[in-house]
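Take a look at the structure set out below.
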Amino acid sequence: MNPQPESVEPVVPDDAGGLDPEALEQVIAAPGERFRHDYLEIRDLRVVFDGFVAVDGVDLTVTRGDLRFLIGPNGAGKTTIVDAITGLAPATGSVQFGRVELLGKPSHRIVRAGVGRTFQTASVFDELTVLQNLDIAAGAGRGPLTMLRRRRGIPPEVEAALETVGLTKVRDLPAGILAHGQKQWLEIGMLLVQDARLLLLDEPVAGMSQAEREETGLLLQRIGEQRTVVVVEHDMEFLRSFASSVTVLHQGKVLSEGTVAQVQADPRVVEVYLGSGAHGRGRGAAAGDAPATSTGVE
Amino acid sequence: MSAATGPVPGTATPAPWWRRPATRVWAGVAIAAVVLFGLAPALLSDFRLNLLAKFLCLAMVAVGIGLAWGRGGMLVLGQGVFFGIGGYLMAMHMKLSDAGPGAVPDFLLLYGDGVVPGWWEPLRSPVVTILAILVLPAGIAALLGLAVFRRRVRGAYFAILSQALAAAFAILLVGQQKVTGGTNGLNGFRSFFGYDLADPVNKRMLYFIAAGVLIAMVVIVRLLMSSRYGELLVAVRDQENRVRFLGYDPANVKVVAYAIAACFAGIGGALFAPVVGIISPADVGVIPSIGFLVGVAIGGRATLLGPVLGAVAVSWAETGLSEQFPSFWTYFQGALFILVVAFLPQGFASLGGLWRRRRAAGAPAPDDPPVGSGPDAARELASTDAADGAAQEAADAARTAGRNA
Numbered sequence: 001m002n003p004q005p006e007s008v009e010p011v012v013p014d015d016a017g018g019l020d021p022e023a024l025e026q027v028i029a030a031p032g033e034r035f036r037h038d039y040l041e042i043r044d045l046r047v048v049f050d051g052f053v054a055v056d057g058v059d060l061t062v063t064r065g066d067l068r069f070l071i072g073p074n075g076a077g078k079t080t081i082v083d084a085i086t087g088l089a090p091a092t093g094s095v096q097f098g099r100v101e102l103l104g105k106p107s108h109r110i111v112r113a114g115v116g117r118t119f120q121t122a123s124v125f126d127e128l129t130v131l132q133n134l135d136i137a138a139g140a141g142r143g144p145l146t147m148l149r150r151r152r153g154i155p156p157e158v159e160a161a162l163e164t165v166g167l168t169k170v171r172d173l174p175a176g177i178l179a180h181g182q183k184q185w186l187e188i189g190m191l192l193v194q195d196a197r198l199l200l201l202d203e204p205v206a207g208m209s210q211a212e213r214e215e216t217g218l219l220l221q222r223i224g225e226q227r228t229v230v231v232v233e234h235d236m237e238f239l240r241s242f243a244s245s246v247t248v249l250h251q252g253k254v255l256s257e258g259t260v261a262q263v264q265a266d267p268r269v270v271e272v273y274l275g276s277g278a279h280g281r282g283r284g285a286a287a288g289d290a291p292a293t294s295t296g297v298e
Numbered sequence: 001m002s003a004a005t006g007p008v009p010g011t012a013t014p015a016p017w018w019r020r021p022a023t024r025v026w027a028g029v030a031i032a033a034v035v036l037f038g039l040a041p042a043l044l045s046d047f048r049l050n051l052l053a054k055f056l057c058l059a060m061v062a063v064g065i066g067l068a069w070g071r072g073g074m075l076v077l078g079q080g081v082f083f084g085i086g087g088y089l090m091a092m093h094m095k096l097s098d099a100g101p102g103a104v105p106d107f108l109l110l111y112g113d114g115v116v117p118g119w120w121e122p123l124r125s126p127v128v129t130i131l132a133i134l135v136l137p138a139g140i141a142a143l144l145g146l147a148v149f150r151r152r153v154r155g156a157y158f159a160i161l162s163q164a165l166a167a168a169f170a171i172l173l174v175g176q177q178k179v180t181g182g183t184n185g186l187n188g189f190r191s192f193f194g195y196d197l198a199d200p201v202n203k204r205m206l207y208f209i210a211a212g213v214l215i216a217m218v219v220i221v222r223l224l225m226s227s228r229y230g231e232l233l234v235a236v237r238d239q240e241n242r243v244r245f246l247g248y249d250p251a252n253v254k255v256v257a258y259a260i261a262a263c264f265a266g267i268g269g270a271l272f273a274p275v276v277g278i279i280s281p282a283d284v285g286v287i288p289s290i291g292f293l294v295g296v297a298i299g300g301r302a303t304l305l306g307p308v309l310g311a312v313a314v315s316w317a318e319t320g321l322s323e324q325f326p327s328f329w330t331y332f333q334g335a336l337f338i339l340v341v342a343f344l345p346q347g348f349a350s351l352g353g354l355w356r357r358r359r360a361a362g363a364p365a366p367d368d369p370p371v372g373s374g375p376d377a378a379r380e381l382a383s384t385d386a387a388d389g390a391a392q393e394a395a396d397a398a399r400t401a402g403r404n405a
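Chain order of the listed sequences is A and B. Just so you know, we're using our numbering here: the first sequence kicks off at 1 and counts up by one. Just so you know, we're using our numbering here: the second sequence kicks off at 1 and counts up by one.
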């Protein structure tokens, strides 16, 4: 169509980037009381696709104030667990959040129970503006009369989220022309305005620059202090910097769980990563003292 | 306007008054009123004016299709069903009132048992008839939509299903000749709510009613498009699953647009019957259902006026060309459809956008895509509202750019 990928850059003003941690404080200014009973409790979760067992009896507990990373080789079932929690994949077992059973509910009801998620590929509404994207995310609870009226002004929570994810300057641009990292931020902003209490992020920093990862990590840490956050991530550098706890999955089962250091020291983790991820690099990498290096999980 | 545009709320500099959405809507209504209520009756013969009234009825269906298909992404290939329900309800009322209180319409004596079936009886009342025309098509569409969309039937499957429905409906009408008049349909109406249809003045009144109703429908769709619901509908069209994970049930969002489209089609059919003087299975089956769609596609489905102008233009061309070259029209319609789908997928309305884009890109490099010309061009294209097509184009370009990034 328009083979001019380079020309995209100037659309986004140079000073548009940058998250705004101060604005986040407004967003999460809500009293912490509300979140007190929030924790994710998964028991014996099984997902089977046509006889293939993608998730095999996973138990997982994530408390509020934790920033939990799910890692594992390709096909370990990380994204499938997120799909099962949000009603996208049929599952058996039990998934409770804030003492509400989620399994068996349709996706939109699970979301209304306070669960928000992002997708591996940033999926924002390309034809709508950044503002419209956020406004839709904020509006699941709106009544029919509000829906049938034009939006007047910008709702305060949307305004704050725009500031937080640093997209205020581009709010009237179609989301489709944002840079990749900005789309990811927009998704995080959408989670914030939809007031998700459990945030499930699937590779939130994929395609981001180092500086952007840094900012995103800090943002997630701050959100994690208040809410329950689960991140599926491949990037070991990012994991080491920001994870407060890690669950390693392998072939649909929990292989190891603990802090970053504990997990890295677990011999089973070392074996899985070096066995399945780094065929050619084998021995050389094994000699290194950091088993779960990023080379292992490409 | 496309959703990419929006009224740009909260921008630092308020738009000049002639660019404000409300002003534009009222200006558009005023222009449409001058053309439809002033120029057309003054310039056209009674015969042509009646033809135009018929086209306006078809355009009502098109407005609904523009909403459901263009904005909602539902390829509604069976609007003939709702058009037919509206048409037959109105036709039946006219037959009953022509026959007089308690009497039996001629076609029931001819084909039927000479008694009015119980379920036709309520239509003797004008109020019941009007209510039924407003409620029945929308209600049926809502039930059908809930059943279909909840099961996540969409895309081509939904299109096939809706078309099969139109086919079944036409077959049912033919098969139930005793109570529906069969292939001949219902015709020979003498009066419309007590007004003699043989009188040219009353024919003219019908035209004015059709014009007024059509303008009202366009305004309703315009308001819907710029409402929060309109934005949500576009979101559902583009990424249904994502909407689900924001806590909405996309089925409900789609049902609303589908029911409105059905309601508009029903009203169009209800006015079509007295204007044309006949409603028959040939007006409601598969072929007319596709015909409704062709005009919308040619005009520009995602725009506000594209469907209306497209539908009127196609019907007008059909009549004109059929008068000149009988039996030639079908080929012409097919060729036009193919050309538009191949080269102007957003319909003729996107031509305006192309022209704007060229102008915005400036004289030196007229072939520059808008994204290439920097934030200003993109912003302008995305926010000037005016031409639906412009926004569409900008959004298309933007999407491409986004992908490349």
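Where a beta carbon is used, it is the ideal one built from N, C-alpha and C, also for glycine.
Item	Value
Inter-stretch contact (C-beta, 8 Å, three-pair minimum) for the segment 132-142 of chain A and the segment 224-241 of chain B	yes
Residue environment, GLY18 of chain A, which counts as buried when at least 16 other CB atoms sit within 10 Å	exposed
DSSP bridge partner residues for HIS250 of chain A (one or two, in chain order)	A:LYS253
Whole-angstrom distance between GLU159 of chain A and GLY153 of chain A, CA atom to CA atom	10 Å
MET208 of chain A at chain B interface by Cβ criterion, 7 Å	no
Chain A within 7 Å of GLN324 of chain B, Cβ atoms only	no
Any 3 or more C-beta pairs closer than 8 Å across the segment 210-218 of chain A and the segment 231-249 of chain A	yes
Short Cβ contact (7 Å threshold) for LEU233 of chain B with ALA261 of chain B	no
Simplified DSSP assignment, three categories, for GLN239 of chain B	coil
Contact the segment 164-179 of chain B vs the segment 262-274 of chain B: 3+ CB pairs below 8 Å	no
VAL135 of chain B, buried or exposed, once every other Cβ within 10 Å from all chains shown has been counted against 16	exposed
Cβ of GLY277 of chain A within 7 Å of any chain B Cβ	Any answer about GLY277 of chain A is weak, because its pLDDT of 46 lies below 50 and its placement is not dependable; what the coordinates show is given next. GLY277 of chain A does not count as touching chain B.
Nonlocal neighbours in the same chain, by C-beta distance under 6 Å from SER315 of chain B, ignoring five residues either side	PHE55 and LEU58
Distance CB(VAL300 of chain A)-CB(ILE223 of chain A) smaller than 7 Å	No statement about residue 300 of chain A is possible, as the shown extent of chain A runs from 1 to 298 and does not include it.
THR164 of chain A classed as buried or exposed, judged by whether at least 16 other C-beta atoms fall within 10 angstroms	buried
C-beta neighbour in chain A for ALA235 of chain B, strict 7 Å	yes
Residue range of the unbroken alpha helix (DSSP H) whose run includes VAL312 of chain B	306-324
For GLU41 of chain A: DSSP bridge partner residues	A:THR61 and A:GLN96
Beta carbon proximity, ASP15 of chain A to chain B, threshold 7 Å	Bear in mind that the predicted position of ASP15 of chain A carries a pLDDT of just 48, short of 50, making it too unreliable to give a figure here.
Beta-carbon contacts of THR92 of chain A that lie in its chain and below 7 Å, excluding the five residues immediately before and after	ARG46
Chain B contact for ARG150 of chain A (CB, 7 Å cutoff)	yes
Residue-chain proximity (ALA222 of chain A, chain B), Cβ-Cβ < 7 Å	A small fix is needed here, since residue 222 of chain A is Arg in this sequence, not Ala. By this cut-off, ARG222 of chain A is not an interface position.
Contact list for the segment 243-273 of chain B against chain A, Cβ threshold 7 Å	ARG244, PHE245, LEU246, GLY247, TYR248 and ASP249
Contact check, MET74 of chain B vs GLY268 of chain B, beta carbons under 7 Å	no
Reduced DSSP secondary structure (H/G/I, E/B, other) of ILE65 of chain B	helix
8 Å CB neighbourhood of ALA122 of chain A in its chain, flanking five on each side removed	HIS180, LYS183, GLN184, LEU186 and GLU187
Residue closest to MET90 of chain B, alpha-carbon to alpha-carbon, out of B:THR183, B:THR129, B:ALA42 and B:LEU246	B:THR129
Limits of the unbroken beta strand (DSSP E) element including THR118 of chain A	Taken as a continuous stretch (DSSP letters only), THR118 of chain A belongs to no beta strand (DSSP E), as it is neither H nor E.
Beta-carbon proximity check, GLN194 of chain A vs LEU224 of chain B, cutoff 7 Å	no
Member of B:GLN324, B:PHE264, B:ASP98 and B:PHE158 whose CA lies at the smallest distance from the CA of ASN187 of chain B	B:ASP98
Chain B residues whose Cβ lies nearer than 7 Å to that of GLY139 of chain A	ARG228
Closer than 7 Å at the beta carbon, the chain A residues around GLN239 of chain B	SER123 and PHE125
Rounded straight-line distance, which links the Cα of GLY145 of chain B to that of MET205 of chain B	35 Å
Exposure label - GLY320 of chain B; buried when at least 16 CB within 10 Å	exposed
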